[in-house]
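Visitor: Protein sequence lines, in the order shown, are assigned to chains A and B.
Using my numbering, the first residue of the first sequence is number 8, and each one after it goes up by one.
Using my numbering, the first residue of the second sequence is number -15, and each one after it goes up by one.
All residues carry an ideal CB built from backbone N, CA and C; glycine is no exception.
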Amino acid sequence: MGAPLLQVRGLTTRFRTERGEVTAVDQVSFEADEGETVAIVGESGSGKSVTALSLLRLIPTPPGRIESGEVLFEGRNLLDLDDAGIRAIRGDKIAMIFQEPMSSLNPALTIGMQVAEPVRVHRGSPWREALERARELLERARIPDAGSRLTAYPHQFSGGMRQRVMIAMALACKPRLIIADEPTTALDVTVQAQILDLLKELTVESRSALILITHDLGVVARYADRVIVMYGGRVVETAPARRLYAHPSHPYTRGLLASVPRVDGDASVPLVPIEGQPPDLSALPPGCAFAPRCRWASERCRSERPELLPVADRHLKACFADELD
Amino acid sequence: MNSTESTRAAAGADDTLLSVENLSVHFPVTSGVVMRKQVGSVKAVDGVSFTLARGETLGLVGESGCGKSTTGLAVIRMLQPTGGRIVFEGEDIAGHDANRMRRLRRRMQMVYQDPYGSLNPRMRVRDIVGEPLVIHGLDTDRDAYRARVAALLAMVGLLPDMAERYPHEFSGGQRQRIGIARALALEPSLIVCDEPVSALDVSIQAQVVNLFVELQKRMGLSYIFIAHDLAVVRHVSDRIAVMYLGRIVEIATRDDLYRNPLHPYTQALMSAVPVADPEVEARRVRMVVTGEVPSALNPPSGCRFHPRCPHATDVCKRVDPVLAGQGGVRAVACHLHPAERG
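Next up, the structure:
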């Protein structure tokens, strides 16, 4: 196979705020192959959601602006397309699923019309055909009694069912890439497992790529093939999922893994938190953003920004420390 | 089963701080605007019983609508229970009026989920943390009052000079510390923590979880720790009660529950929580349930979990299982696990 489906290079997105210019996404580069699930993990303010929105140019401008970089999708740079060009891609070849299924659905339109809309817009199908396709899609998303639910409104659905509708909409035009931004954070745990299992199964089946934005390292472990860890707007480590959990190389990744509570293993082992507070993006230190919370930080870490460099095959980290003991 | 544990937890033992018996909280459902009439009731909490020892933490776990928060609020009488007994420090407080409760409020406090909504943005941290002292008339000596606020801030890992600042100047984790300092101000014996770390980032969550554990050791506090996340409660709780649609379906010590969950709902909840290790996840046998939690307005007949339960039999549809002892302090409400005999 040739080039990967999606190649992001040096993506930088800045926002103008009351407290000055803020770099929310700073020189982010990664790739996604077809059939692959890539997880972007990070805590609030890490830049994971802004990265996702930047890919489809959904950043509100102003105050935001994609300053530089390339988003190469099937060989074309999405950042060079005109408005009509990017609109033709959104919801067609690249679909997005958001966190809040209630606010992403139009409360005044029936479920059928909303799921049929992308088919109408991108395929130009007449309503009757589009609604028939919508029924198929709702069935694939395992919505019971899909035919009769076409005329229902979003408020008649539970949170989990609404997220199934969002998945059906995302799949409408057989996208090559699905970007899911915290798709189950608002749902109960048992429903979260159902929705993510469904999403994973459907993307594997259609060989599309899935970019999963999440703060949950458990979700990443269960569903991701490759992981990108972000902190303070930058990628600090990336590796195949098993490799990352077995050999976390960046102090932040290590810290995160030690602070996650688990349902297995020894419960008497106390959690090891990462001391200090998350970074303030409007006042990032000149060096590594994690240096103030890092016990391996040296003088160099405080003055100079580490580059993302390979430590093993497909495993990169942005850290000056060679060995963490 | 550890025999000291079972005697300790037995109701009426000396160090029992709280004993809740058959607690119920029903909310009326009305219809009509002019001629309002009650057409039904939501049984948010429906016959819940448990005990809590001094210095112990009981985790209350379940999904939305299971009644865990309502139970917490009713126990400290921020909601009027419909029925049942709440025996706190030897006194049944279920029917106490506001005046009699005011005296007891010093003994029972609450920490909320939302670190942004639970602090008044126009008050300085000093006034937020000190407000309980003011309300209970303990602020007569200005110097002592200031020293007390400074000590409370130090206790939760904040600096004394932060007292002059406003909530917006703090991160989510620091705000939650302020909320904890406020809850500690009156030296309570019981703190009800309602999803106190759910809104926090993972690295900060662990800081706050450890703070709860440390404060408990130092001050002998008892917690009712409410959470939807089985992984978080595991690190703070001595015992855990799993709730589903207004009922406790299983209650057990921490290690019993996680090593060997008996109720199918507990098993499902446990499997739904992913473990942060791809190797473990790949090997794990998962129990997946279908559907979502049904409406509490019309709970299913028999066992409330039966429509989602892969092991449901005919008897589960008809007969409501009772929470029956499995020896020691463990109890399960499931027809698959009838009570031990003898």
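In chain order, what residues of the same chain lie with their CB nearer than 8 Å to the CB of A:D329, ignoring the 5 residues before and after it?
Guide: Within the same chain, A:D329 has no close Cβ partners at all.
Visitor: Identify the contact partners of A:A228 in chain B, using a Cβ-Cβ distance below 8 Å as the criterion.
Guide: The contacting residues are P258, V259, A260, D261, P262, V264, E265.
Visitor: Touch check for the stretch 32 to 44 of chain A and the stretch 94 to 102 of chain A: three-plus C-beta pairs under 8 Å?
Guide: Contact between the stretch 32 to 44 of chain A and the stretch 94 to 102 of chain A is absent, because fewer than three Cβ pairs lie under 8 Å.
Visitor: Can you confirm whether A:H222, when its beta carbon is compared against all beta carbons of chain B, has any partner nearer than 8 Å?
Guide: With 8 Å as the cut-off, A:H222 counts as an interface residue toward chain B.
Visitor: Buried or exposed for A:M173, please, with buried defined as at least 16 other CB atoms from any protein chain shown within 10 angstroms of its CB.
Guide: By the neighbour-count rule (16 or more Cβ atoms within 10 Å), A:M173 is buried.
Visitor: Using a Cβ cut-off of 8 Å, which residues of the stretch 41 to 60 of chain B contact any Cβ in chain A, in chain order?
Guide: Going along the stretch 41 to 60 of chain B in chain order, one finds E47, S48 with a Cβ nearer than 8 Å to chain A.
Visitor: Select from B:P284, B:L170, B:E198, B:L246 the residue whose C-alpha is nearest the C-alpha of A:P277.
Guide: Comparing Cα positions, the closest option is B:E198.
Visitor: Between B:A252 and A:T197, which are expected to be in contact by the criterion C-beta below 8 Å, what is the C-beta distance as a whole number of angstroms?
Guide: So it is a contact: roughly 6 Å between Cβ atoms.
Visitor: Pop quiz: A:M120 and A:R169 are said to be a contact at Cβ under 8 Å. What is the actual Cβ separation, rounded to whole angstroms?
Guide: Rounded, the Cβ-Cβ distance is 15 Å, inconsistent with contact.
Visitor: Using a C-beta to C-beta distance shorter than 7 Å, which residues of chain B count as neighbours of A:E50?
Guide: The contacting residues are D185, V186, S187.
Visitor: As an exercise, report each continuous alpha helix (DSSP H) stretch of at least 4 residues that is fully enclosed by the stretch 122 to 183 of chain A, in chain order.
Guide: 134 to 147, 153 to 156, 166 to 178, all fully within the stretch 122 to 183 of chain A.
Visitor: Counting only beta-carbon atoms, is B:H212 nearer than 8 Å to chain A?
Guide: Chain A, which has a Cβ nearer than 8 Å to the Cβ of B:H212, makes this yes.
Visitor: In or out: A:L157 buried (at least 16 other Cβ within 10 Å) or exposed?
Guide: Buried, by the Cβ-count rule.
Visitor: On the DSSP letters alone, give me the boundaries of the beta strand (DSSP E) that B:M146 sits inside.
Guide: Premise fails: B:M146 is in no beta strand (DSSP E) and is neither H nor E.
Visitor: Counting C-beta neighbours from all protein chains within 10 Å, is the total for B:D81 16 or more, i.e. buried, or is it exposed?
Guide: Flag for B:D81 reads exposed.
Visitor: For the stretch 275 to 287 of chain B, which residues have a beta carbon sitting closer than 8 Å to at least one beta carbon of chain A?
Guide: Flagged, chain order: E276, V277.
Visitor: Which two residues bound the contiguous alpha helix (DSSP H) that contains B:R87?
Guide: Looking at the DSSP string, the run of the alpha helix (DSSP H) that includes B:R87 is 82 to 89.
Visitor: At a CB-CB cut-off below 9 Å, which residues of chain A make contact with B:R218?
Guide: Ordered by position in chain A, the residues that pass the 9 Å Cβ test against B:R218 are P268, R269, V270, A274.
Visitor: So what does DSSP say about B:H290, is it helix, strand or coil?
Guide: Looking at B:H290 - three-state DSSP - the assignment turns out to be helix.
Visitor: So, is B:T14 buried or exposed, given that buried needs 16 or more other C-beta atoms within 10 angstroms?
Guide: Classification for B:T14: exposed.
Visitor: Under 8 Å Cβ-Cβ, which residues of chain B neighbour A:V196?
Guide: Simply E47, H212, D213, L214, L253, A256, V257.
Visitor: Which same chain residues, not among the five before or five after A:G166, have their C-beta less than 8 Å away from its C-beta?
Guide: The answer, listed in chain order, is P108, M109, A193, L194, D195, V198.
Visitor: So, is A:P151 buried or exposed, given that buried needs 16 or more other C-beta atoms within 10 angstroms?
Guide: So A:P151 ends up on the exposed side.
Visitor: Can you find a CB in chain A that lies within less than 8 Å of the CB of B:D222?
Guide: With 8 Å as the cut-off, B:D222 does not count as an interface residue toward chain A.
Visitor: Compute the Euclidean distance between the alpha carbons of B:V193 and B:L117, then round it to the nearest angstrom.
Guide: Going from the Cα of B:V193 to the Cα of B:L117 covers about 25 Å.
Visitor: Look at the alpha carbon of B:L44 and the alpha carbon of A:V78, and state the distance between them as a whole number of angstroms.
Guide: Looking at the two C-alpha atoms, the distance is approximately 46 Å.
Visitor: Taking DSSP as the reference, what is the three-state secondary structure of A:L88?
Guide: It is coil, neither helix nor strand.
Visitor: Give me the Cα-Cα distance between B:H219 and B:C318, rounded to the nearest whole angstrom.
Guide: C-alpha separation (whole angstroms): 26 Å.
Visitor: Can you give me the C-alpha to C-alpha distance between B:G68 and B:L7, rounded to a whole angstrom?
Guide: Going from the Cα of B:G68 to the Cα of B:L7 covers about 4 Å.
Visitor: May I ask which residues mark the beginning and end of the alpha helix (DSSP H) holding A:V196?
Guide: From DSSP, the alpha helix (DSSP H) with A:V196 extends over 196 to 213.
Visitor: Whose CA, out of A:R26, A:T20, A:V29, A:S36, lies closest to the CA of A:E324?
Guide: The sequence as given places Lys at residue 324 of chain A; Glu does not occur at that position. Residue A:S36 is the option with its Cα nearest to A:K324.
Visitor: Within its chain, find whatever has a CB closer than 8 Å to the CB of B:F209; leave out the 5 residues flanking it on each side and keep chain order.
Guide: Excluding sequence neighbours, B:F209 sits near T41, L42, G43, L44, C177, P180, F196, V217, V220, S221.
Visitor: Between the Cα of A:S230 and the Cα atoms of A:H254, A:Y238, A:R214, A:A200, which residue gives the shortest distance?
Guide: The amino acid at residue 230 of chain A is misidentified as Ser; the sequence shows Tyr. For A:Y230, the nearest C-alpha among the options comes from A:A200.
Visitor: Tell me, please, whether the CB atom of A:Y160 is closer than 8 Å to any CB atom in chain B?
Guide: Closer than 8 Å: no.
Visitor: Report the rounded CA-to-CA distance for B:R238 versus B:E265, giving the unit in angstroms.
Guide: Answer to the nearest angstrom: the Cα atoms are 22 Å apart.
Visitor: Give the residues of chain B in contact with A:S165, contact being defined as C-beta atoms less than 7 Å apart.
Guide: Those within 7 Å of A:S165 in chain B are E276.
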